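Before any comments, here is the structure.
Protein chains: 2
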Amino acid sequence: MVNTSLAGVIRAALESGRFRRVLGMLHGIEGLLADDLVDLAAQPASFLERLAQTPSAALGSCRYKLQPDDPERALEVLRRHEAGVFIYIGGNDSADTAHRVARAARTASYDLAVLGVPKTIDNDLPETDHCPGYGSAARFLALATRWVGADTRAMRRTDPVRIIEVMGRHAGWLAAASALGREQEGDAPHVVLVPERPLALETILAAVQSAYRASGFAVVVLCENQPDETGAVLGARGGPRYVDPFGHAYYDSPGLYLATQVQERLGLRARYDKPGALQKTFMAAASSVDLEEAERCGRAAVELALGGHSDEMVILLRDDGPHYHCRTGAAPLEVIANRQKRLPEAFIRPDGLGPSAAFLDYARPLIGEPLPLLARLDPSARA
Amino acid sequence: MVNTSLAGVIRAALESGRFRRVLGMLHGIEGLLADDLVDLAAQPASFLERLAQTPSAALGSCRYKLQPDDPERALEVLRRHEAGVFIYIGGNDSADTAHRVARAARTASYDLAVLGVPKTIDNDLPETDHCPGYGSAARFLALATRWVGADTRAMRRTDPVRIIEVMGRHAGWLAAASALGREQEGDAPHVVLVPERPLALETILAAVQSAYRASGFAVVVLCENQPDETGAVLGARGGPRYVDPFGHAYYDSPGLYLATQVQERLGLRARYDKPGALQKTFMAAASSVDLEEAERCGRAAVELALGGHSDEMVILLRDDGPHYHCRTGAAPLEVIANRQKRLPEAFIRPDGLGPSAAFLDYARPLIGEPLPLLARLDPSARA
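Sequence lines, in order, name chains A and B. Residues 1 to 383 (this note's numbering) are what the first sequence spells out, left to right. Residues 384 to 766 (this note's numbering) are what the second sequence spells out, left to right.
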């Protein structure tokens, strides 16, 4: 949804008539530091039209942590292009980058409006009701779980267990969303593991066994870094395989480990799926609510800038009332940068094996139209 | 698409006015042998309506190899229900099962019309131009590759390599279909490995390196059982992890192995996705052409039965001419049961690293509507 928000920024900026140019940074702040910018108003018409159907970041992404001299260097390039507004789309790390640029501008008395636009499928930003990007990834996982669940049910006599490993390093918002795929009692997912609740392998295996006994099959959804009771990633007590420049750690697959344990310890054939980047890119499962809000958040950043705001991020604020609606608001970038919103206690079942009804009420409006229902046999109509 | 063909069978049978009842076997032949049947005409209206939007097999699937006495036992149950037609939906193994039932009926002078309906996303059945189920899985993989490719391009500065492991145990039809996601030269997929072409790890790594140098990122699509130059599954020379009752072998992941090798040997960060069951269930990416043909093949089985055919499978025959169209025909079940159609030489590039243009021409009409195009920056419009 980076691209959908980007389209909102471009359209709002051009429509306002207040800007001579709209420039895009290639690969985020790295592009700014290298003065590697594109003129977004000079792109072919197809570029803007297709942005909303193109996943990921058409301008390229980065994982670059600012060095001490970088904010000054960024201001130099911005000054050279006579930029009055700096809009940055992303999650905590992007908010941190934007906040440092804003602070440097204040120190240098450079009149620059710095605005953040939230985007992360992880949904782990504070202040905002939810993040653009999350609703579409949540819809993808709800559909995937419903449909892979139907397949696991059909194959239950030979392959009764399915493990689906999803994104979300330290927060279980995505894993929890898989529960929106459940139509009836006994449907997938049967066990949902979230990093907020470390669990011993024995506890997880017992839950799989119990779901299998009750339903004849079991679908488990877990996060890519799901911790065991010691806090180590399941099956990876030897430590991470890789740590990126922001200090985020990547591990071998806890899902593949769990599948092997289910086979060896429970004697049940377990298959393993890892949708990976499909979660953030599969536009055929995008949420209409998410797409609309993503564009609106991009537009709101332009409006905030024109209204004299700076060093803030656009946020979504949910209105009270029977029908779902979110307004846009703003929160300090510094707050967004330094806090991570994990699943609150009230959104997790007491046994830690799935999200609560309160979570489902929170997340359901975000995924857009109701999901297609499964054909179900009437078991009483035996021949 | 089992369900879509099933819907075609039910509708054609009811519309013909020639049948008193339409019975469904739960979990295929296992349900017949156990006399575990349902009355499909007595199901709620929602069942038939929702079949076409429900993936996998609403009646349940099986992997049961007939024992010597089973065909006789099957005939007993069919006689008890006064069945005149036996329709079985599936791939080679299902054709084998249906053929044995047909042979037993002939021997017993039981006037039973036995028809097969092809369904396998693997597309590995002989005689038929293609199999229902393949077009939708092919569309899913083409979309997935295009969109994950866009994401890998965006993230190329930190995570330039992506490995996507797809289904297809011994035939590369699904892996090859990922190439339909390529819009322009340099797009994903850059390397497509098919089991028809065993390749040494060194050859594969050289191809990844070369694609990375040319495009700045590399997306590799490979089959779940991709063999190395010795014929062993890549990274699994120790043998299979599991062999099912039909003798099909399952291995640890060659994709995860390749991702690790790319990191260690080429020094490029490689991510690994395994869409798994999403390939056969993600109805939001279904091909309209595939859905229509799947229902038509189900209907054709009923028509063949009423026309006095037996021991045959419905096949699709592609008409010559500028516009894509397939008629239905029939082929002996015995031929379908005992032959597997792998990718022909003409559908593989001489270097073995991807499908040929002839394959793309063959597969393109099967995936339905053109795929959404990606937004692309004009690189000359630098600011």
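For each residue, glycine too, the CB sits at the ideal point set by N, CA and C. All values derive from a computational prediction rather than experimental measurement.
(message) So with CB distances below 7 Å, who are the chain B contacts of His27(A)?
(response) By Cβ distance, chain B contributes Arg540.
(request) Work out the CA separation of Gln723(B) and Lys341(A) for me, nearest whole Å. (result) For the pair Lys341(A) and Gln723(B), the Cα-to-Cα distance works out to about 52 Å.
(message) Which same chain residues end up closer than 6 Å to His27(A) when comparing Cβ atoms and leaving out the 5 residues on each side of it in sequence?
(response) The residues are Gly60, Cys62.
(request) Please state whether DSSP places Ala381(A) in a helix, a strand or coil. (result) DSSP, read as helix, strand or coil, puts Ala381(A) in coil.
(request) Quick one: grab the DSSP three-state call for Ala57(A). (result) Assignment of Ala57(A) by DSSP, reduced to helix, strand and coil, places it in the coil class.
(request) Measuring alpha carbon to alpha carbon, tell me which of Val500(B), Asp542(B), Gly691(B) ends up nearest Gln646(B). (result) Among Val500(B), Asp542(B), Gly691(B), the Cα nearest to that of Gln646(B) belongs to Asp542(B).
(request) Specify, as a first and last residue, the run of the alpha helix (DSSP H) that Tyr745(B) falls within. (result) Per DSSP, Tyr745(B) belongs to the alpha helix (DSSP H) from 740-746.
(message) Closer than 8 Å is the cut-off here; do at least three beta carbon pairs connect the stretch 348-364 of chain A with the stretch 328-340 of chain A?
(response) Verdict: no, contact absent.
(message) For a contact defined as C-beta to C-beta under 9 Å, what are the partners of Gly659(B) on chain A?
(response) Result: Val148, Arg162, Ile164, Arg271, Tyr272, Asp273, Lys274, Pro275.
(message) Which residue wins for smallest C-alpha separation from Ser561(B), given the options Ala417(B), Tyr517(B), Ala496(B), Ile698(B)?
(response) Nearest to Ser561(B) by alpha-carbon distance, out of Ala417(B), Tyr517(B), Ala496(B), Ile698(B), is Tyr517(B).
(message) For chain B, check one thing: does any of its Cβ atoms lie closer than 8 Å to the Cβ of Asn3(A)?
(response) Cβ-Cβ to chain B under 8 Å: yes for Asn3(A).
(request) Using a Cβ cut-off of 8 Å (strictly closer), state whether Gly551(B) contacts chain A. (result) At a cut-off of 8 Å, the C-beta of Gly551(B) has no neighbouring C-beta in chain A.
(message) Please return the same chain residues whose Cβ sits closer than 6 Å to the Cβ of Ala305(A), not counting the five positions on each side in sequence.
(response) Same-chain partners within the cutoff: Val85, Ala113, Leu115.
(message) Taking the alpha helix (DSSP H) that Cys131(A) belongs to, which residues open and close that run?
(response) First-last for Cys131(A): undefined, no H or E at that position.
(request) Enumerate in chain order the residues of its own chain whose CB-to-CB distance from Ile315(A) is below 6 Å, with the five nearest sequence positions on each side excluded. (result) Answer for Ile315(A): Glu127, Thr128, Gly329, Ala331, listed in chain order.
(message) Among the candidates Ser492(B), Arg540(B), Pro637(B), Gly659(B), whose CA atom is the shortest distance from the CA of Tyr595(B)?
(response) Ranking the options by Cα distance to Tyr595(B), first place goes to Arg540(B).
(request) Specify, as a first and last residue, the run of the beta strand (DSSP E) that Phe469(B) falls within. (result) Residue range 468-473 is occupied by the beta strand (DSSP E) that includes Phe469(B).
(request) Please confirm whether Val38(A) and Leu760(B) have their CB atoms less than 8 Å apart. (result) Contact: yes.
(request) Starting from the beta carbon of Phe402(B), find every residue of chain A whose beta carbon is closer than 8 Å, and list them in chain order. (result) The premise fails here: Phe402(B) is roughly 13 Å from chain A at the closest Cβ pair, so nothing lies under 8 Å.
(request) Sort Ser477(B), Leu605(B), Glu579(B), Glu568(B) by Cα distance to Gly599(B) and report the nearest one. (result) Nearest C-alpha to Gly599(B) among Ser477(B), Leu605(B), Glu579(B), Glu568(B): Glu568(B).
(message) Let's see if you can read the secondary structure: which residues bound the alpha helix (DSSP H) around Thr260(A)?
(response) Per DSSP, Thr260(A) belongs to the alpha helix (DSSP H) from 254-261.
(request) Just the C-alpha distance for Ser388(B) and Gly307(A), rounded to the nearest angstrom, thanks. (result) When rounded, the separation of the alpha-carbon atoms in Ser388(B) and Gly307(A) is 59 Å.
(message) Check whether the stretch 191-208 of chain A and the stretch 164-176 of chain A are in contact - that is, three or more C-beta pairs closer than 8 Å.
(response) Flag = yes, the stretch 191-208 of chain A and the stretch 164-176 of chain A touch.
(message) For the beta strand (DSSP E) containing Asp422(B), name the first residue and the last one.
(response) In this chain, the beta strand (DSSP E) harbouring Asp422(B) covers 420-422.
(message) Is there a C-beta anywhere in chain A that falls below 8 Å from the one on Gln426(B)?
(response) True, the Cβ-Cβ gap to chain A drops below 8 Å.
(message) Beta carbons nearer than 9 Å to chain B: which residues of the stretch 284-313 of chain A have them?
(response) Within the stretch 284-313 of chain A, the residues whose Cβ lies closer than 9 Å to some Cβ of chain B are Ala284, Ala285, listed in chain order.
(request) Within the same chain, show all residues whose beta-carbon is closer than 6 Å to that of Leu256(A), passing over the 5 residues directly before and after it, in chain order. (result) Take Leu256(A), set aside five residues on each side of it, and the residues of its chain with a beta-carbon closer than 6 Å to its own are Tyr272, in chain order.
(message) Less than 8 Å between CB atoms is the rule here; does Gln436(B) satisfy it with respect to chain A?
(response) Yes - at least one Cβ of chain A is within 8 Å of the one on Gln436(B).
(message) Quick check on DSSP: helix, strand or coil for Ala284(A)?
(response) In the structure shown, Ala284(A) sits in a helix (DSSP, three-state: H, G or I).
(request) List in chain order: all unbroken beta strand (DSSP E) runs of 3+ residues lying wholly within the stretch 284-334 of chain A. (result) Entirely contained in the stretch 284-334 of chain A, the beta strand (DSSP E) runs reaching 3 residues are, in chain order, 312-318, 326-332.
(request) Name the residue from Pro365(A), Leu371(A), Pro379(A), Ala277(A) whose alpha carbon lies nearest to the alpha carbon of Met538(B). (result) Cα-wise, what sits closest to Met538(B) is Ala277(A).
(message) Strictly under 8 Å for the Cβ-Cβ distance: is Ser61(A) near chain B by that measure?
(response) With respect to chain B, the C-beta atom of Ser61(A) has a partner C-beta closer than 8 Å.
(request) If I'm right that His130(A) touches Asp311(A) with Cβ under 8 Å, what's the distance once you round it to whole angstroms? (result) Contact flag wrong, Cβ pair sits at about 22 Å.
(message) Taking only three categories from DSSP, how would you classify Val161(A)?
(response) Secondary structure at Val161(A): strand, using DSSP grouped into helix, strand and coil.
(message) Let me make sure I understand the geometry here. Which of Gly473(B), Ser477(B), Asp507(B), Glu455(B) has the alpha-carbon closest to that of Tyr493(B)?
(response) Considering only alpha carbons, the answer is Glu455(B).
(request) Identify whether Phe79(A) lies in helix, strand or coil by the three-state DSSP scheme. (result) Checking the displayed sequence, the identity of residue 79(A) turns out to be Arg instead of Phe. Arg79(A) falls in the helix class under three-state DSSP.
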